[in-house]
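Undergrad:
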Amino acid sequence: STYSDFIKSDTSYKYLDAWHYCDFEDGFTKETMNDYFKNDTAVDAYTRLNFIMKELKNKSITKEKKQFYLRMLIHIVGDVHQPFHVGRQSDYGANRVRLSWFNEPTNLHAVWDEKLIENQKLSYTEYTKAINHTTLADRKKLQQQPMSDWFYESYVLSRKVYADTKPDAKLSYRYIYDHIAEVNAQLVKAGVRLAGVLNSIYDK
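Residue 153 in the working numbering sits at position 153 of the sequence shown; the count goes up by one each step and never skips.
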């Protein structure tokens, strides 16, 4: 799932940058966001996910293309469950919200992208076992929700966190205590929904 992070330094992949996010300023409701997506023609995470899913069902594309799109699918589904990939355009998805993490300078986007998860000091396998406690009903509900709901949930969470986290804040253990459950819930949603997408693509 980190494939597209590894290729960021290659300028030939610069066009992929906009695939990772879909920024919105304040004031959207679920209805107005749905209306936006109905007419969305921009290169963003929403349109690219729809494009990738369609391409992965296309039996005529090359193996290399399928591998590339599958890697991007896995990564972008994860990205859009990180609230600041549906953040404000004006601060580049909280990349410009400067603060400190255990006295080290960073930004709010990085805290939610990396710091909160890394602080748990668990392997991927250990982390999965620690948070994966969904029921069949939970999974069914999550997988039946339209993709627009994923974005709106992240949008709502990003606004809550914007309000909770002031610029130049000094974050440490209390911030982890306050927000790690939200991080874990988003990770679970991403995993369950990704599984549903893969099942739909490969007819499972």
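Glycine included, C-beta positions come from ideal geometry on N, C-alpha and C.
I'd like the ranges of any beta strand (DSSP E) spanning at least 3 consecutive residues and lying wholly in the stretch 88–160.
TA: Those beta strand (DSSP E) runs which fall completely within the stretch 88–160 and span 3+ residues are 98–101, 104–107.
Undergrad: Using DSSP's beta-bridge definition, name the partner residues of L171.
TA: Taking the sequence shown and counting its residues from 1, one reaches residue 171 at position 171. Answer by DSSP bridge pairing, in chain order: W101.
Undergrad: If contact is defined by three or more beta carbon pairs under 8 Å, each pair taking one atom from either stretch, is the stretch 135–154 in contact with the stretch 183–193?
TA: Yes, the stretch 183–193 touches the stretch 135–154.
Undergrad: Could you say which of Y36, K54, M33, Q89 lies nearest to A18 if we only look at CA atoms?
TA: Here the question's residue 18 lines up with position 18 in the sequence shown. Considering only alpha carbons, the answer is Q89.
Undergrad: Using a Cβ-Cβ cutoff of less than 6 Å, which residues in the same chain neighbour R48 once the five nearest sequence positions on both sides are dropped?
TA: Here residue 48 is taken as the residue at index 48 of the sequence shown, counted from 1. Closer than 6 Å at the Cβ level, and outside the excluded window around R48, lie W19.
Undergrad: Per the contact definition of three or more C-beta pairs closer than 8 Å, is the stretch 40–57 in contact with the stretch 77–86?
TA: Yes, the stretch 77–86 is in contact with the stretch 40–57.
Undergrad: For K38, which of helix, strand or coil comes out of DSSP?
TA: Within the sequence shown, residue 38 is the residue found at index 38, counting from 1. The answer is helix: DSSP assigns K38 an H, G or I state.
Undergrad: Hey, could you find the ends of the alpha helix (DSSP H) Y15 is sitting in?
TA: For the purposes of this step, residue 15 is taken as residue 15 along the sequence shown, with counting starting at 1. Taken as a continuous stretch (DSSP letters only), Y15 belongs to no alpha helix (DSSP H), as it is neither H nor E.
Undergrad: Quick check on the DSSP output: the alpha helix (DSSP H) that includes H232 runs from which residue to which?
TA: A query on residue 232 cannot be resolved here, the shown segment of the chain reaching from 1 to 204 and no further.
Undergrad: Quick check on the burial criterion: 16 or more other C-beta atoms within 10 angstroms. Buried or exposed for K189?
TA: Working through the sequence shown from its first residue, we reach residue 189 at position 189. So K189 ends up on the buried side.
Undergrad: Assuming R98 contacts P167 (C-beta within less than 8 Å), just tell me the rounded distance between them.
TA: Stepping through the sequence shown from its first residue, residue 98 is reached at position 98. Stepping through the sequence shown from its first residue, residue 167 is reached at position 167. Their Cβ separation, rounded to whole angstroms, is 6 Å, which keeps R98 and P167 in contact under 8 Å.
Undergrad: Kindly indicate which three-state DSSP category Q186 falls into: helix, strand or coil?
TA: One-based indexing of the sequence shown puts residue 186 at position 186. Reduced to three states, the DSSP call for Q186 is helix.
Undergrad: From T135 to T128, what does the alpha carbon distance come to, in whole angstroms?
TA: Position 135 of the sequence shown, counted from the start, is the residue given in the question as residue 135. Position 128 of the sequence shown, counted from the start, is the residue given in the question as residue 128. Cα to Cα, the separation comes out at about 15 Å.
Undergrad: Tell me which residues share the same chain as L116 and place their Cβ nearer than 7 Å to its Cβ, disregarding the 5 neighbours each side in the sequence.
TA: Mapped onto the sequence shown, residue 116 falls at position 116. Result list for L116: I176, H179, I180, V183, in chain order.
Undergrad: Would you report the Cα separation of K30 and L187, rounded to the nearest angstrom?
TA: Stepping through the sequence shown from its first residue, residue 30 is reached at position 30. Stepping through the sequence shown from its first residue, residue 187 is reached at position 187. Their Cα atoms are separated by approximately 21 Å.
Undergrad: With DSSP run on the structure shown, which of helix, strand or coil describes S200?
TA: Against the sequence shown, residue 200 aligns to sequence position 200. S200 falls in the helix class under three-state DSSP.
Undergrad: Given a cut-off of 9 Å, decide if Y152 and G87 are closer than it, judged by their beta-carbon atoms.
TA: Translated into the one-based positions of the sequence shown, residue 87 becomes position 87. Translated into the one-based positions of the sequence shown, residue 152 becomes position 152. Result no, Cβ atoms of G87 and Y152 do not sit closer than 9 Å.
Undergrad: So, for M33: in the same chain, excluding its five sequence neighbours on each side, which residues have a beta-carbon less than 8 Å away from its beta-carbon?
TA: Here residue 33 is taken as the residue at index 33 of the sequence shown, counted from 1. Hits under 8 Å: F24, S148, F151, Y152, Y155.
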